[in-house]
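Heads up, the sequence shown is in the working numbering, so the first residue is 31 and it goes up one at a time. As structure tokens, the structure follows; a few thoughts come after it.
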Amino acid sequence: MTKKQTFTPATIEALRSGMMADPQTPGLYVEAQTRGGFRLMWKYRRRVAGTGDAARFVKKTFAKFPDKSIADAREWAQTLNRAVEQGIDPDEATRAEKAAYITVGDARDLYMTYVRAGTRRKLKQRSIADKESMWKIDMCEQIGSRILQEITDDDLWSLVLAKGAKAPIRANRLAGEMKVFFKWCASREGKAAGIVLKADPAISLDAYYYKQTKRDRFLSHDEIGWLLAALADEERIYQRAILLLLLTALRRDEVLGAAMSEIAGSVWTIPGPRMKNHITHEVYLGAWGTALARTNDAWLIASDRKDGPRMDGWYKIRNRVAKRMAKIAGQSIPAWTYHDFRRTFRSNAKRLGIDYDTAEAVIAHKKTGLTEVYDRYDLADEKRDAYAKWEAFLIDIAVKVGVADRLGVPERAITLETAKPSTRDDATPSFASVPDSPPNPQLRLF
31 MTKKQTFTPA TIEALRSGMM ADPQTPGLYV EAQTRGGFRL MWKYRRRVAG TGDAARFVKK
91 TFAKFPDKSI ADAREWAQTL NRAVEQGIDP DEATRAEKAA YITVGDARDL YMTYVRAGTR
151 RKLKQRSIAD KESMWKIDMC EQIGSRILQE ITDDDLWSLV LAKGAKAPIR ANRLAGEMKV
211 FFKWCASREG KAAGIVLKAD PAISLDAYYY KQTKRDRFLS HDEIGWLLAA LADEERIYQR
271 AILLLLLTAL RRDEVLGAAM SEIAGSVWTI PGPRMKNHIT HEVYLGAWGT ALARTNDAWL
331 IASDRKDGPR MDGWYKIRNR VAKRMAKIAG QSIPAWTYHD FRRTFRSNAK RLGIDYDTAE
391 AVIAHKKTGL TEVYDRYDLA DEKRDAYAKW EAFLIDIAVK VGVADRLGVP ERAITLETAK
451 PSTRDDATPS FASVPDSPPN PQLRLF
């Protein structure tokens, strides 16, 4: 007598709840699902052979019935069974196969996801943007579609040398970025993200291959005067930003990215995540600095295009101010950057009576070695005095060039400064003392 078939299209269609296993194919079953609408789904669940007490189960979903027939489902399940019965987890095998043929572009996406998560170290948005820029300009088109495991050090060196022919310093940055990226791919973090890279192809790259000249630019006293005179004709928001950079000796983004919630009266507390050294930094503003920092916006230097700080366009503004400086001076002026303001303060600190430790604290340089371990004094009083001396020095120049009022220097600050005994020759020429001078006068403040 022929045995009655119990696993047929008819019996499957009659299933209204629970599951029905295929008696011919281990692991294969149909499940009736009611959440979100009734449907019959082909599924698979079976233990991987040889996994012992640490049992691993393969769980898969195939398709709807009757979209896929019994024959289709059995063929699919038999492929899984061949792997499971040999002790192979099909999911792991698929991941390994995929990892062995991942492209550089796909690996880069995984890396940037890791970077943005800030698991080991949280990078500033500007650093992340710089990474993305290097990838887009110098790596994506050249090696993005290549298989990661096929990349060699010659491939990477060719990118560095090609960049170095036009921009040597940027080529060093590119080499450094590729070293970090490929090292991550070959690390435990990269492996955890699904990347298999046994050998790091960037290990021979040199992030200092091209010689870099140490930057030593700072503004002379005359140049500070020309800068202040040039800023007198600048739009107020740009004037405020550049003057605060000069007064505080902070890094560009530390000023431009500030929220007004950081400032309470004359004390500006910058949280660690916004500082390069990741340590909270306090700035003690004088009367002029406090006036410049006053605004009704939520941001110190607010954007006019979005709700946030104004972070773009500052090189163009710098170039405009520098051009105006040269016109006022009547001579060409060496190029300068906002970062040079920090060096300008540091180069004048000693002559203003600011000691080494305090000057380093003002520019937020991290203590090193045993000093960092044992010296926990915050130098708050000394820093407050240092900021006051530096502001007074700049006000003195602003008064001499006749632009103090146009730069928003409070009258009381000017009164305090001019009441002090002069330490310089009163006959020193200034913009204020030669109102009828011809265009582009060669002026000297000191």
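Cβ atoms here follow ideal geometry from the backbone N, Cα and C, with glycine treated the same way. Remember, it's a predicted structure, so these values are computed and weren't measured experimentally.
With H, G and I counted as helix, E and B as strand and the rest as coil, what does DSSP make of Glu219? Position 189 of the sequence shown, counted from the start, is the residue given in the question as residue 219. Glu219: helix per DSSP, three-state reduction.
Check Pro120 in the structure and name its three-state DSSP category. Reading the sequence shown from its first residue, position 90 is the one you call residue 120. Pro120 falls in the helix class under three-state DSSP.
If you run the structure through DSSP and keep just helix, strand and coil, what is Pro494? A query on residue 494 cannot be resolved here, the shown segment of the chain reaching from 31 to 476 and no further.
If you draw a straight line from the C-alpha of Arg454 to the C-alpha of Ile267, how long is it? Position 424 of the sequence shown, counting from 1, holds the residue named residue 454. Position 237 of the sequence shown, counting from 1, holds the residue named residue 267. Residue confidence is low: Arg454 scores 43 on pLDDT, short of 50, so the model does not pin down where it sits. No coordinate-derived value is stated.
Can you find the residues in the same chain that come closer than 7 Å, C-beta to C-beta, to Trp165, ignoring five residues on each side of it along the sequence? Locating residue 165 in the sequence shown gives position 135, counting from the first residue. Correct list, in chain order: Arg138.
If we require 3 or more residues per run, which beta strand (DSSP E) segments fall completely within the stretch 272–306? 297–300
Quick check: what's the CA-CA separation for Ile331 versus Gly383? The sequence position of residue 331 within the sequence shown is 301, counting from 1. The sequence position of residue 383 within the sequence shown is 353, counting from 1. Rounded to whole angstroms, Ile331 to Gly383 spans 31 Å at the Cα level.
Cβ-heavy atom distance, Ala365 to the ligand FAD, below 8 Å: Absence of the ligand FAD from the depicted structure is noted, as is the absence of any ligand whatsoever, leaving it without description.
Member of Met341, Leu249, Gly360 whose CA lies at the smallest distance from the CA of Asn378: Taking the first residue of the sequence shown as 1, we reach residue 378 at position 348. Closest by alpha carbon: Leu249.
Rounded to whole angstroms, what's the CA-CA distance from Trp318 to Glu180? Just pull it up for me. To locate residue 318, count along the sequence shown from 1; it is residue 288. To locate residue 180, count along the sequence shown from 1; it is residue 150. Going by the C-alpha atoms only, they are around 60 Å apart.
Count the other C-beta atoms from every protein chain shown that fall within 10 angstroms of the C-beta of His308, then say buried if there are 16 or more, exposed otherwise. Position 278 of the sequence shown holds residue 308. Looking at its Cβ environment, which holds fewer than 16 other Cβ atoms inside 10 Å, His308 is exposed.
Skipping 5 residues on each side, what residues in its chain have a beta carbon closer than 7 Å to that of Asp488? The displayed coordinates of the chain run from 31 to 476. Any statement about residue 488 would go beyond what the structure contains.
If you follow the alpha helix (DSSP H) that Leu140 is in, where does it begin and where does it stop? Taking the sequence shown and counting its residues from 1, one reaches residue 140 at position 110. Run containing Leu140: 134–147, per the alpha helix (DSSP H) assignment.
What's the call for Arg245, buried or exposed, on a 16-neighbour Cβ count within 10 Å? Taking the sequence shown and counting its residues from 1, the one referred to as residue 245 is at position 215. Exposed is the call here.
Could you pull out every unbroken alpha helix (DSSP H) segment of at least 4 residues lying fully inside the stretch 392–446, listed in chain order? 399–404, 410–430
With a threshold of 16 other CB atoms inside 10 Å of the CB of Pro231, please say whether the residue is buried or exposed. Residue mapping note: residue 231 aligns to position 201 of the sequence shown, counting from 1. The residue is buried, with at least 16 neighbouring Cβ atoms inside 10 Å.
Of the listed residues Ser234, Trp214, Ala237, nearest to Leu227 (C-alpha basis): As a first step, residue 227 must be located in the sequence shown, where it is residue number 197. Leu227 has its Cα closest to that of Trp214, out of Ser234, Trp214, Ala237.
Considering His311, what are the terminal residues of the beta strand (DSSP E) in which it resides? Here the question's residue 311 lines up with position 281 in the sequence shown. First-last of the beta strand (DSSP E) with His311: 311–314.
Tell me the rounded alpha-carbon separation between Glu264 and Val134. Translated into the one-based positions of the sequence shown, residue 264 becomes position 234. Translated into the one-based positions of the sequence shown, residue 134 becomes position 104. Approximately 47 Å, taken between the alpha carbons.
Could you check what DSSP says for Trp256 in three-state terms: helix, strand or coil? As a first step, residue 256 is located in the sequence shown; it is residue number 226 there, counting from the start. Three-state result, Trp256: helix.
Through-space distance from Glu105 to Val114, alpha-carbon basis: On the sequence shown, position 84 is the one that residue 114 refers to. On the sequence shown, position 75 is the one that residue 105 refers to. In a straight line, the C-alpha of Val114 is about 15 Å away from that of Glu105.
Along the chain, which unbroken stretches of the beta strand (DSSP E) at least 3 residues long are found entirely within the stretch 45–109? 49–51, 58–63, 69–77, 87–95
Using only the alpha-carbon positions, how far apart do Ser452 and Ala422 sit? The residue labelled residue 452 in the question sits at position 422 within the sequence shown. The residue labelled residue 422 in the question sits at position 392 within the sequence shown. For Ser452, the predicted structure reports a pLDDT of 46, less than 50, and the residue's modelled location is therefore unreliable. The matter cannot be settled from this model.
Mind checking Glu43: buried by the 16 CB within 10 Å criterion, or exposed? The residue labelled residue 43 in the question sits at position 13 within the sequence shown. With fewer than 16 Cβ atoms within 10 Å of its Cβ, Glu43 is classed as exposed.
Using a Cβ-Cβ cut-off of 7 Å (strictly less than) and excluding sequence neighbours within five positions of Tyr314, which residues of its own chain qualify? Against the sequence shown, residue 314 aligns to sequence position 284. Here the set comprises Ser296, Val297, Lys413, Arg414, Tyr417.
Considering only the beta carbon of each residue, do Leu273 and Leu437 sit closer than 9 Å? Locating residue 273 in the sequence shown gives position 243, where the first residue counts as 1. Locating residue 437 in the sequence shown gives position 407, where the first residue counts as 1. Contact: yes.
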